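Residue numbers (my numbering), protein chains in the order written: chain A, 1 to 744; chain B, 1001 to 1163.
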Amino acid sequence: MAVGKAMVMPDAAARVTGATPYGVNLKLPHMLVAKVLRSPLPHAKIIGLNAAAAQHAPGVAAVLTAADLGQPGGPALLTGAAFKDQPVVAANRVRYVGEPVALVAAESLPLAEAALELIEVDFEELPAVYEAQAALQTGAPALHSAFGNNCFKHAKLRHGDIEAGFAAADVIVEETFTSPPAQHASLEPHVTAAQWRNGQLTVWTATQAPYLVKRALAELFGLDPAAVRVIVPPLGGGYGGKGHLRLEPMVAALAWKTGGRPVKLVLSRAEEFVTVTKHAATITIESGLKNDGTFTARRVAIHWNGGAYADASPGLVAAGMVRAVGPYRIPHVWVDSLGVYTNLPPAGAFRGAMSSQTTWAYESHMDTIAHRLGLDPLELRLKNLLLPGDHFATGEIMHDIHFVECLQSCADKLGWAAPPEQTAAPPHKKRGRGLGVMMKSTVPTSRSECRLRVDAGGAVTLFTSTVEMGQGAHTALGQIAAEALDIPFESVAVVGPDTAVTPFDTTTSAARSTGMMGAAILHGAEALKQKLIEAAAPFFEQPPAELAIRAGAVVSVAAPAQRMPFAEVVSRNRLERLEAMGVYQTQSELNPDTGQGVSTPHWHQGAGACEVEVDTETGQVTVLRFVGASFAGRVVNPALARLQNDGNIIFGLGPAVMEEIVTEGGQVINPNLSDYLIPSFLDTPRRLETVSLESEGSEFHGIGEMTLPPVAPAIANAIFNAVGVRIRDLPLTAEKILRAIKNE
Amino acid sequence: MNELKITLQINGTPHELTVSPDQTLLAVLRESLGLVGAREGCGIGMCGACTILIDGQAMSSCLLLAVQAAGKTITTIEGLASPEQLHPVQHAYVEHSAFQCAYCTPGFILSTVALLAEDASPDDDTIRRYLAGNLCRCGSYANILEAVQQCRTMAQAQDAGEG
């Protein structure tokens, strides 16, 4: 059985010898290098743009400006993942510092950079707004005429009778939490190459969503989707930052002007910071409870800062509404989730998307409630956590639910019941413990397809558009295919994504691939096995119903020694191959006015617990120990599962204690890995333990995010436990903690 | 700018190159020589994805000009071993699944090689400190530590055998 084993990635040797073919390594014959001219202003009219000198500069093959867009027979001006509000390059107006204004394709990077210097742009500055709440105020500068108040999405959840719920409460607790923008900081930057040949567009791009890119480019150029091919190399990290549309529209439009020569754009680290960020969020959460710790009501208001373009935010803001409630039994719930335009770079999915911000709020809030009621934080949670069969605030009935096991396993492993270890530490070093638990919906409506092939030589290939970005998806999916076909893992090759050969998949995000593509593979494997049995039946002189698949062969159920290996089944039928498609489709929908309905095919569940040490003289917090748990349903590969669980916690430590994109006048002032630090070996807790929980008969659950959202609140709760101060604004820096201690 | 002719000793082979004075060693390795195991992550020596060995020392090739490396012995991940015959450190990384996207992995492996050359039996704190200049955004640090611990154990076993 291939599932459940710690298989090593088949391309491990390439990964440790530097041979992995990332997009940044891509070289094509006659390839040009692209470079982007970006807006220096947060909000301005473009009153003049002269690129004539750049067009004639040495080594320049093409220049792209908005003048090339929206013309008959050419690319349209506007594009966007949710709705078309974003110009391929700015036309008439720029809306954030770093917005692309023009691109140059040249023979080399220095020549492209020199040509950019020759493009003259005259701006007339406009008033700008950077905070979501400020952008909603009357008189704030409007970014897009279609949304005069800058609110591009208002998702509403209305469950029960909220006023009656609060009226029934003994205690009402209200708090506001903030979470700043953060940077994905994939070590491999965004990279896209494009080439036009005979009206056909080929794009090589580091994306998590090849079919979304294909559809968007076909729309942009008015092409049949069959004329657009998207090839995705292995990614050097994604974390949500390579989801949706990024460089593809502008690079494809630039390539459209090079006379058939391919052109490639690799972003600099500074450009990464103005390409896509984590949503900044301000979350006000108000809960009503009985004195015994039973919830009566919860109201949540969230302002998501979407930046200058909606991008994927409309869907994410709706998901953020569902993810804002928390995994608790609350009879009356009211959520307003608002996506707002501001003059900052566009925000997008960020590992643990929207759940990181909301879990930060509702799990910090749980400890405030516990403190107010004089209850143990674990006890309060266990009393209220959703159980199988409970109704959630959307009205849907919870299934496959294991919040209690996730949280309890963390608490037990940390030794919650026992007092913290006594140390010889000096008195200004205080220890404390904290907990957090999370729930996350996955993509509500999505589709995964795969193709499984056995060829006459016996080789088995899985064709999938799931993107390998380090999470080991191709390994895990290969294991699922191997088990379903009852063949060794080593004999399955995984190919893709390449939209010319691999079938449709919605996206590799929201930890959906193991579950959804895994289910498509199970479906495809059943179909392929049936085809093999039917093709073998004449040679057995037995009806198909009396045949089965065992160990890579069709066998007679009655006489299993009678067997025909897959290769022989194919070759004896004088075929080159046998193939089958696998499909898995989910459809979930909420009422847009009430948020009632079904929000997700299944729930992502995780928890964390930690012990910290706070230096009361410096405010410095050290996470000594972190334990995390995710619900995996069934673990496909324990080694990869551990990497995901551990990696989530380490990734999550960044925004929890150190990461924040800082802007002044809309300009990012820390756009590099010296002023924007990400966790290193020395920031990682010395004791890090994680577990993936399984359940008999469960489906596969993705685990790419589950241990992440509890990190920040668990640490904040441990700080409160250690020194009695409650920090409500991320990140949990020494400065904030020290100031709070001094103010006590 | 005036181009310069230099000879770089890379992975045991001399390479005669014409470079511009402002070209980084990383750019020359990647673009002129196709040695793409060294990668740019940050461009300012903070992430370690471009780590190479110069006279056995782990260095950020994004911070070095190509001309500064003339006359020195350069080892890149491509010179450490081949996919068919991995270096023991590479073996340890594979055995402990000490990578995810692996963009940072060649840098980590070369830093590990440099560490073990300085101290064949580093304690855990030494390993953490030595490798703090290499960043893994996927967060594989626990597995990386275990891989280096295995290298240490191998060195200790060897010592014991020789002793």
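Quick reminder that beta carbons are idealized off the backbone N, C-alpha and C, glycines included. Since we're looking at a predicted model, the values are computed, not measured.
Check: If I measure Cβ to Cβ from A/Gln471 and keep anything under 7 Å in the same chain, skipping five residues before and after, which residues do I get?; Outcome: Gln644 and Gly704
Check: Could one say the Cβ of A/Phe14 lies closer than 9 Å to chain B's Cβ atoms, at least one of them?; Outcome: Before going further, note that residue 14 of chain A is Ala rather than Phe in the sequence given. Yes, contact with chain B.
Check: How would you list, in chain order, the residues of chain B whose beta-carbon sits under 8 Å from the beta-carbon of A/Asn50?; Outcome: Here the premise fails: no neighbours, minimum Cβ distance about 28 Å.
Check: Confirm the yes/no value for this check: CB of A/Trp196, any heavy atom of the ligand COA, distance under 8 Å.; Outcome: The ligand COA is not among the ligands present in this structure, which contains no ligands whatsoever.
Check: Chain A partners of B/Cys950, CB-CB under 7 Å?; Outcome: In the structure as shown, chain B begins at 1001 and stops at 1163. Residue 950 of chain B is therefore absent and cannot be evaluated.
Check: Kindly indicate which three-state DSSP category A/Val623 falls into: helix, strand or coil?; Outcome: strand
Check: What does the Cβ neighbour count give for B/Thr1153, buried or exposed, with the cut at 16 atoms within 10 Å?; Outcome: exposed
Check: Leaving out the 5 sequence neighbours to the left and right, which residues in its chain are closer than 6 Å to A/Thr20 when beta-carbon positions are compared?; Outcome: Ala14 and Pro234
Check: What would DSSP say about A/His523, mapped onto helix, strand or coil?; Outcome: helix
Check: Could you list the residues in the segment 1120 to 1144 of chain B with a C-beta less than 9 Å from some C-beta on chain A, going in chain order?; Outcome: Asp1124, Ile1127, Arg1128, Arg1129, Tyr1130, Leu1131, Ala1132, Gly1133, Asn1134, Leu1135, Cys1136, Arg1137, Cys1138, Gly1139, Ser1140, Tyr1141, Ala1142, Asn1143 and Ile1144
Check: Please state whether the Cβ-Cβ distance between A/Trp416 and A/Ala714 is less than 9 Å.; Outcome: no
Check: State the beta-bridge partners of B/Cys1050 as determined by DSSP.; Outcome: According to DSSP, B/Cys1050 bridges with nothing at all.
Check: To test your reading of the DSSP string, which unbroken alpha helix (DSSP H) runs of 4 or more residues are found completely within the segment 125 to 150 of chain A?; Outcome: 132 to 136
Check: Classify B/Thr1007 as buried or exposed, calling it buried when 16 or more other Cβ atoms lie within 10 Å of its own Cβ.; Outcome: exposed
Check: Is it a yes or a no for the segment 126 to 142 of chain A touching the segment 289 to 301 of chain A, going by three-plus beta-carbon pairs under 8 Å?; Outcome: no
Check: Starting from the C-beta of B/Leu1035, find all residues in its chain whose C-beta is less than 6 Å away, skip the five residues before and the five after it, and write them out in chain order.; Outcome: Leu1029, Thr1076 and Glu1078
Check: Is the beta carbon of A/His159 sitting closer than 9 Å to the one on A/Gly395?; Outcome: yes
Check: On the premise that A/Asp311 lies in contact with A/Gly80, defined as a C-beta separation below 8 Å, what is that separation, rounded to the nearest angstrom?; Outcome: 7 Å
Check: Just reading off the alpha helix (DSSP H) that B/Val1094 is part of, what are its end residues?; Outcome: Pro1088 to Glu1095
Check: Given this structure, state the Cα-to-Cα distance separating B/Asp1159 from B/Leu1145, to the nearest angstrom.; Outcome: 21 Å
Check: What is the DSSP secondary structure of A/Gln71, reduced to helix, strand or coil?; Outcome: coil
Check: Alpha carbon to alpha carbon, how far is A/Asp149 from A/Pro655?; Outcome: Residue 149 of chain A is actually Asn in this sequence, not Asp. Going from the Cα of A/Asn149 to the Cα of A/Pro655 covers about 30 Å.
Check: What's the gap between the Cα of B/Gly1041 and the Cα of A/Leu187?; Outcome: 5 Å
Check: Can you tell me which of A/Trp256, A/Thr586 and A/Ala128 puts its alpha carbon nearest to the alpha carbon of A/Asn343?; Outcome: A/Ala128
Check: Give every residue of the same chain whose Cβ lies closer than 6 Å to the Cβ of A/Val8, excluding the five residues on either side of it in the sequence, and list them in chain order.; Outcome: none
Check: Decide if the segment 478 to 493 of chain A is in contact with the segment 567 to 576 of chain A; the criterion is three or more beta carbon pairs, one per stretch, under 8 Å apart.; Outcome: no
Check: Would a check of beta-carbon distances place B/Cys1101 closer than 9 Å to chain A?; Outcome: yes
Check: In chain order, which beta strand (DSSP E) runs of at least 3 residues are fully inside the segment 150 to 190 of chain A?; Outcome: 151 to 159 and 171 to 179
Check: If you measure from the beta carbon of A/Leu247 to each beta carbon in chain B, is any gap under 9 Å?; Outcome: no
Check: Against chain B, with Cβ distances strictly below 9 Å, would A/Leu673 count as a contact?; Outcome: yes
Check: So A/Gln195 and A/Pro100 are supposed to be a Cβ contact under 8 Å. How far apart are they, rounded?; Outcome: With a Cβ gap of about 20 Å, A/Gln195 and A/Pro100 do not count as contacting.
Check: Which first and last residues belong to the beta strand (DSSP E) in which A/Leu452 is found?; Outcome: Ser446 to Asp455
Check: Residues of chain B with CB under 7 Å from A/Arg269, in chain order?; Outcome: Cys1042 and Gly1043
Check: So with CB distances below 8 Å, who are the chain D contacts of B/Pro1083?; Outcome: The structure shown has no chain D; the protein chains it does contain are A and B.
Check: To the nearest angstrom, how far is the alpha carbon of A/Leu738 from that of A/Glu483?; Outcome: 54 Å
Check: Taking its Cβ as the centre, do 16 or more other Cβ atoms sit within 10 Å of B/Gln1023, making it buried, or is it exposed?; Outcome: buried
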